[in-house]
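To start, the structure under review is shown below, and the notes come after it.
Residue numbers (full-length UniProt numbering): 1 to 225.
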């Protein structure tokens, strides 16, 4: 899962980022209004953690821009302002949850997963497709009830494909989602080809009834067989 953390307090941001990365989330960070606006306009995220009070502007303005641009990001407001008006405004602008500082990282983690389940998986922790099952809580992959090991990147790639089944996934979108926003500094996509090649082998050897198809010159698409 790819998360954007918009938070200007360095120590809190570092704590949140480190804790979420232990949960194997990919976390990008923006410390002010302008850098946050740049990231949300250029990249897609599974979840956005948004502070209201930011250098250069308000988090509520970011929410307004997201709404105007029809950009769907699962937004959780994290704010020291425990104001009913702010909560109602934030939720009215499309935020999915509101968490008041200080909070326990475990609670934030739970709310992130809950928002993702509601938005993408109809409340489930699992993605069942054909004869396969991906368990997001246990980070396991099974075919016909038998477990088959995937490395971290293979799991994240398969997760992204399954959530976007039958949709064209460009190489850029896949790279940004699984490896982060700094992917534009890479010279080529050889590392993606390598991971896709290995994942395909594992799907074939496990007799999974799903397939990652190449769309020549553009990207990939996962389909049921």
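Beta carbons are placed, not taken as given, at the ideal position from N, Cα and C, and that holds for glycine.
This one's a predicted model, so the numbers in the text were calculated from it and none came from an experiment.
Measuring straight from C-alpha to C-alpha, what distance separates residue i and residue j?
{"i": "residue 198", "j": "residue 150", "result": "10 angstroms"}
{"i": "residue 171", "j": "residue 54", "result": "33 angstroms"}
{"i": "residue 106", "j": "residue 209", "result": "36 angstroms"}
{"i": "residue 165", "j": "residue 75", "result": "23 angstroms"}
{"i": "residue 195", "j": "residue 160", "result": "13 angstroms"}
{"i": "residue 129", "j": "residue 221", "result": "14 angstroms"}
{"i": "residue 35", "j": "residue 131", "result": "43 angstroms"}
{"i": "residue 38", "j": "residue 65", "result": "11 angstroms"}
{"i": "residue 17", "j": "residue 61", "result": "23 angstroms"}
{"i": "residue 45", "j": "residue 32", "result": "17 angstroms"}
{"i": "residue 50", "j": "residue 110", "result": "16 angstroms"}
{"i": "residue 7", "j": "residue 176", "result": "21 angstroms"}
{"i": "residue 81", "j": "residue 101", "result": "8 angstroms"}
{"i": "residue 68", "j": "residue 116", "result": "22 angstroms"}
{"i": "residue 114", "j": "residue 134", "result": "17 angstroms"}
{"i": "residue 48", "j": "residue 5", "result": "6 angstroms"}
{"i": "residue 223", "j": "residue 99", "result": "38 angstroms"}
{"i": "residue 201", "j": "residue 157", "result": "14 angstroms"}
{"i": "residue 118", "j": "residue 214", "result": "30 angstroms"}
In the DSSP output, which residue or residues are listed as bridge partners for residue i?
{"i": "residue 170", "result": "219"}
{"i": "residue 28", "result": "4"}
{"i": "residue 98", "result": "77"}
Over what stretch of residues does the alpha helix (DSSP H) that includes residue i continue unbroken?
{"i": "residue 110", "result": "105 to 120"}
{"i": "residue 194", "result": "190 to 205"}
{"i": "residue 156", "result": "152 to 163"}
{"i": "residue 69", "result": "From DSSP, residue 69 is part of no alpha helix (DSSP H); its letter is neither H nor E."}
Which residues bound the beta strand (DSSP E) around residue i?
{"i": "residue 13", "result": "That residue, residue 13, is in no beta strand (DSSP E); its alpha helix (DSSP H) goes 10 to 22."}
{"i": "residue 134", "result": "132 to 135"}
Could you check which residue in the options has the C-alpha nearest to that of residue i?
{"i": "residue 168", "options": "50, 203, 130 and 212", "result": "212"}
{"i": "residue 3", "options": "70, 40, 223 and 218", "result": "40"}
Taking only beta-carbon positions, decide if residue i is within less than 7 angstroms of chain D.
{"i": "residue 142", "result": "Within the model displayed, chain D is absent; a lone protein chain is all it includes."}
Flag this pair as touching only if the stretch 20 to 38 and the stretch 88 to 102 have three or more C-beta atom pairs under 8 angstroms; answer yes or no. The stretch 20 to 38 makes no contact with the stretch 88 to 102: fewer than 3 CB pairs, one atom from each, lie closer than 8 angstroms.
Between the stretch 193 to 207 and the stretch 137 to 149, are three or more C-beta pairs nearer than 8 angstroms? Verdict: yes, contact present.
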